[in-house]
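To start, the structure under review is shown below, and the notes come after it.
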Amino acid sequence: MTTPVIQTEGLTKYYGRSRGIIEVSLQVEQGEIFGFLGPNGAGKTTTIRLLLDLIRPTRGHVRLLGLNPQRDGVAVRQRVGYLPGELALYPDLTGQQVLEYAARLRKNVSQDEIARLAARLEADLRRPIRTLSHGNRQKIGIIMAMMHRPELLILDEPTTGLDPLVQQVLYELLEEVRREGRTVFFSSHILPEVERLCDRVGILREGRLVAVETVSGLKGVAVRRIDLVLDGPVDPQPFRAVPGVREVTAAGSTLHIAVQGSMDPLIKAAAQHTVLNIVTYEPNLEEAFLAFYRGDGR
Amino acid sequence: MLRSVFLKTLYDQRKAILGWGLGLSSLAYLTLLFYPSVQRAGEFYDQMLRSFPPEALAFLGNIRSFATMDGYMTGSLLSYLPLVLAIYAIGAAVGLITGEIESGTMDVLLAHPIPRWQVVLEKYSALFAALAAICLIFGLSMLAGGLTIGSDVPPGKWLLAGLHLLPLTLFYGTVAFALACAIRGRTAAVSTATALAVGGYILNGLAPLSERLQPLEKWTVYYWYIAGRPLGDGIIPEHIAILLGGSLLFLLVGLVAFGRRDIVP
Ligand SMILES: Nc1ncnc2c1ncn2[C@@H]1O[C@H](COP(=O)(O)OP(=O)(O)O)[C@@H](O)[C@H]1O
Ligand SMILES: [Mg+2]
Chain A
-1 MTTPVIQTEG
9 LTKYYGRSRG
19 IIEVSLQVEQ
29 GEIFGFLGPN
39 GAGKTTTIRL
49 LLDLIRPTRG
59 HVRLLGLNPQ
69 RDGVAVRQRV
79 GYLPGELALY
89 PDLTGQQVLE
99 YAARLRKNVS
109 QDEIARLAAR
119 LEADLRRPIR
129 TLSHGNRQKI
139 GIIMAMMHRP
149 ELLILDEPTT
159 GLDPLVQQVL
169 YELLEEVRRE
179 GRTVFFSSHI
189 LPEVERLCDR
199 VGILREGRLV
209 AVETVSGLKG
219 VAVRRIDLVL
229 DGPVDPQPFR
239 AVPGVREVTA
249 AGSTLHIAVQ
259 GSMDPLIKAA
269 AQHTVLNIVT
279 YEPNLEEAFL
289 AFYRGDGR
Chain B
985 MLRSVFLKTL
995 YDQRKAILGW
1005 GLGLSSLAYL
1015 TLLFYPSVQR
1025 AGEFYDQMLR
1035 SFPPEALAFL
1045 GNIRSFATMD
1055 GYMTGSLLSY
1065 LPLVLAIYAI
1075 GAAVGLITGE
1085 IESGTMDVLL
1095 AHPIPRWQVV
1105 LEKYSALFAA
1115 LAAICLIFGL
1125 SMLAGGLTIG
1135 SDVPPGKWLL
1145 AGLHLLPLTL
1155 FYGTVAFALA
1165 CAIRGRTAAV
1175 STATALAVGG
1185 YILNGLAPLS
1195 ERLQPLEKWT
1205 VYYWYIAGRP
1215 LGDGIIPEHI
1225 AILLGGSLLF
1235 LLVGLVAFGR
1245 RDIVP
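As given, the protein sequences belong to chains A and B, one line each in that order. Start counting the first sequence at -1; every next residue gets the next number (our numbering). Start counting the second sequence at 985; every next residue gets the next number (our numbering).
Okay, structure coming up:
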């Protein structure tokens, strides 16, 4: 077996007395996109900053690419790209200058790669950072994280503030990284993007890693809400017996239903009636979590 | 200018270097323009000087006469100038570390393959270079002033008098720098270094007044500066060595502390 790209063991961080993360043990393998999910304050940023040796663990160990980021920091960071959650760049420099400075600090960056990424993201490199919107700054940050073609890309909530088109480009770029056998670790609190992109996800809750699942596993436990609009009131009782259905309430001719796992049995049951409309809601993280907490997820 | 942390940092200080350099320079130049008339009325000024209470004299660098170039320049400028320049040194030192941490750009910087000690050393070197440049500009303006009034002070002495400001201001700056490396936030670094600068100056001024304070005089950092007279009896190499050695010591503290700390905005 190859060494894991990221390996943490009992990783714990307290800020003074306040909790950052507790006993996080995690492995990320080469070539996968690993999603790190959790609501605000769960400890995603703390974990990522520990990986990069910006902060030091209270207890536990980190290995990145088989190396100790505290002892072999320079070697590790040569091979890692990082986009911080709250990206700050020098406001008076242009995007071009920021990237030039970053490239000098790395020494192994090709101008072609910068140009390629800038074109893909439609980033404007000539304007001072100060004049850029949050999303346009984020583009510079993404180029900076990717321009040396790192073996491991660590992104802290990279899509917040990006407009949907740019989000799509980023997803494509990350999929390319995976295709080349490189590894992506990114944090998010948005389930759909994690579902779309990731091979596996780790779920962090109040500082603890509560689950590491394949995405298909997570989909199996995620609770989705749908509304069935029928041509008249129906008895909700038979729907309650449909496999996967967790909850049914009737309001006039509309049924509000919560389903876990496959939709198929529910759709087949609905086909017995005249369905005027189906409204689906993206499963939200909250509900995916709740499934875990209740312990009925597996 | 973006080739290294050192050059980038120095480039960021360009306006400050120019502003402080030219500001202090015009002060020096104007001060020198008045020297001929003060010298002509030397007896008048020295009578005034003799009527000063001793504590006031201490604050003017204990000069004996305004009619010598050393007495005049020390009394009117050089005695308190390090305190003024310390405002820049302390502010810049804390800005280089804490400013970059608080703004969040330190995260990005340290995510690159550069060791923390190198970041500290390059930033410190830039602080050193910026202070040296200001002192040099200051020395050059005194040289220009000296030439304008036809003074017989040799050019090298003017430059030496400018650079003589460096060890003390660098020391104040380094204390602030080391604390910024070690401790989160600006307050501790700025207030400690400022207290050291202002406290030393005041203590040095008050020490001659009281027998209890007298022995402390030689233990203020300021004393190691003011006892040397580049325009008069000459500089005191041991004092300069103490100041530079002290700076080196604080720099080492900063290096070690920064290597161990958490980078938290
Ligand atoms: N600098 C800090 N000082 C004190 N507590 C902190 C600090 N940074 C984060 N925390 C705490 O650590 C926990 C995890 O925060 P964080 O890692 O930022 O979560 P996330 O990125 O998942 O939103 C939170 O409870 C937060 O309050
Ligand atoms: Mg965060």
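Here a beta-carbon is modelled for each residue, glycine too, at the ideal position from N, C-alpha and C.
Just list the residues that DSSP pairs residue i with in beta bridges.
i, result
"Phe32 of chain A", "A:Phe183 and A:Arg198"
"Glu1106 of chain B", "Bridge partners of Glu1106 of chain B: none, in fact."
"Gly79 of chain A", "A:Leu151"
"Gly1252 of chain B", "Here chain B has residues from 985 to 1249 only, and residue 1252 of chain B is not among them."
"Thr6 of chain A", "A:Leu24 and A:Val60"
"Ile19 of chain A", "A:Lys11"
"Thr92 of chain A", "A:Pro126"
"Thr1089 of chain B", "In the DSSP output, where bridge partners are listed per residue, Thr1089 of chain B has none listed."
"Thr252 of chain A", "A:Val227 and A:Ala249"
"Arg206 of chain A", "A:Arg203"
Check residue i in the structure and name its three-state DSSP category.
i, result
"Gln1023 of chain B", "helix"
"Gln258 of chain A", "strand"
"Tyr12 of chain A", "strand"
"Ala269 of chain A", "coil"
"Thr1 of chain A", "coil"
"Gln25 of chain A", "strand"
"Thr56 of chain A", "coil"
"Arg296 of chain A", "Below a pLDDT of 50, predicted positions are generally treated as unreliable, and Arg296 of chain A, at 37, falls in that range; the measurement from the model is reported next regardless. Coil at Arg296 of chain A, not helix or strand."
"Gly277 of chain A", "Note that residue 277 of chain A is Val in the sequence shown, not Gly. Three-state result, Val277 of chain A: strand."
"Thr45 of chain A", "helix"
"Thr1015 of chain B", "helix"
"Arg987 of chain B", "coil"
"Glu178 of chain A", "coil"
"Asp225 of chain A", "strand"
"Leu65 of chain A", "strand"
"Val232 of chain A", "coil"
"Val1078 of chain B", "helix"
"Thr993 of chain B", "helix"
"Thr1052 of chain B", "coil"
"Glu211 of chain A", "strand"
"Tyr291 of chain A", "Because Tyr291 of chain A sits at a pLDDT of 49, beneath the cut-off of 50, its placement in the model cannot be relied upon, and the point is left open."
"Arg244 of chain A", "strand"
"Arg998 of chain B", "helix"
"Tyr1072 of chain B", "helix"
"Glu1039 of chain B", "helix"
"His1096 of chain B", "coil"
"Trp1004 of chain B", "helix"
"Glu84 of chain A", "coil"
"Asp1030 of chain B", "helix"
"Gly1045 of chain B", "coil"
"Arg104 of chain A", "helix"
"Leu50 of chain A", "coil"
"Ile1226 of chain B", "helix"
"Ser1060 of chain B", "helix"
"Arg956 of chain B", "Examination of residue 956 of chain B is not possible in this model, given that chain B is present from 985 through 1249 alone."
"Ile188 of chain A", "coil"
"Gly1083 of chain B", "helix"
"Gly39 of chain A", "coil"
Using a Cβ cut-off of 8 Å, pull out every chain D residue sitting near residue i, in sequence order please.
i, result
"Gln95 of chain A", "Given the protein chain composition of this structure (A and B), no chain D is represented."
Legend entry - Positions along the region 52 to 81 of chain A whose CB lies within less than 7 Å of some CB in chain B: If the cut-off is 7 Å between Cβ atoms, the region 52 to 81 of chain A has Leu52, Ile53, Arg54, Gly71, Val72, Arg75, Gln76 and Tyr80 near chain B.
Inset, instruction - Note down, one range per segment and in chain order, each alpha helix (DSSP H) of at least 4 residues found wholly within the region 108 to 166 of chain A. - result: Within the region 108 to 166 of chain A, complete alpha helix (DSSP H) segments of at least 4 residues are found at 109 to 119 and 132 to 144, given in chain order.
Inset, instruction - Using a Cβ-Cβ cut-off of less than 9 Å, list which residues of the region 154 to 171 of chain A approach chain B; keep chain order. - result: Within the region 154 to 171 of chain A, no residue qualifies.
Legend entry - Within the region 1132 to 1216 of chain B, ranges of the beta strand (DSSP E) (whole runs, at least 3 residues): Runs of the beta strand (DSSP E) inside the region 1132 to 1216 of chain B: none found.
Legend entry - Members of the region 1129 to 1162 of chain B near chain A, C-beta cut-off 7 Å: If the cut-off is 7 Å between Cβ atoms, the region 1129 to 1162 of chain B has nothing near chain A.
Inset, instruction - Please name the residues in the region 1085 to 1100 of chain B whose beta-carbon is closer than 7 Å to at least one beta-carbon of chain A, in chain order. - result: Hits within the stretch, in order: Ser1087, Gly1088, Thr1089, Asp1091, Val1092, Leu1094, Ala1095, His1096, Pro1097, Ile1098 and Pro1099.
Inset, instruction - Select from the region 995 to 1027 of chain B all residues with a C-beta closer than 7 Å to any C-beta belonging to chain A, and list them in chain order. - result: Under the 7 Å Cβ criterion, the region 995 to 1027 of chain B contributes no residue.
Inset, instruction - Anything in the region 1236 to 1249 of chain B with a Cβ closer than 9 Å to a Cβ of chain A? List those residues in chain order, please. - result: Residues of the region 1236 to 1249 of chain B with a C-beta less than 9 Å from any C-beta of chain A: Arg1244, Arg1245, Asp1246, Ile1247, Val1248 and Pro1249, listed in chain order.
Legend entry - Near-chain B residues of the region 100 to 123 of chain A (beta-carbon distance less than 7 Å), N- to C-terminal order: Near chain B, meaning a CB-to-CB distance below 7 Å, the residues of the region 100 to 123 of chain A are Ala100, Arg102, Leu103 and Arg104.
Legend entry - Interface residues of the region 247 to 271 of chain A facing chain B [CB-CB below 9 Å]: If the cut-off is 9 Å between Cβ atoms, the region 247 to 271 of chain A has nothing near chain B.
Legend entry - Proximal residues, the region 1194 to 1222 of chain B versus chain A, C-beta separation under 9 Å: Within the region 1194 to 1222 of chain B, no residue has its Cβ closer than 9 Å to any Cβ of chain A.
Legend entry - Where the region 11 to 41 of chain A meets chain B: residues whose CB sits under 7 Å from a CB there: Only those residues of the region 11 to 41 of chain A whose C-beta falls short of 7 Å from the nearest C-beta of chain B would be listed, and there are none.
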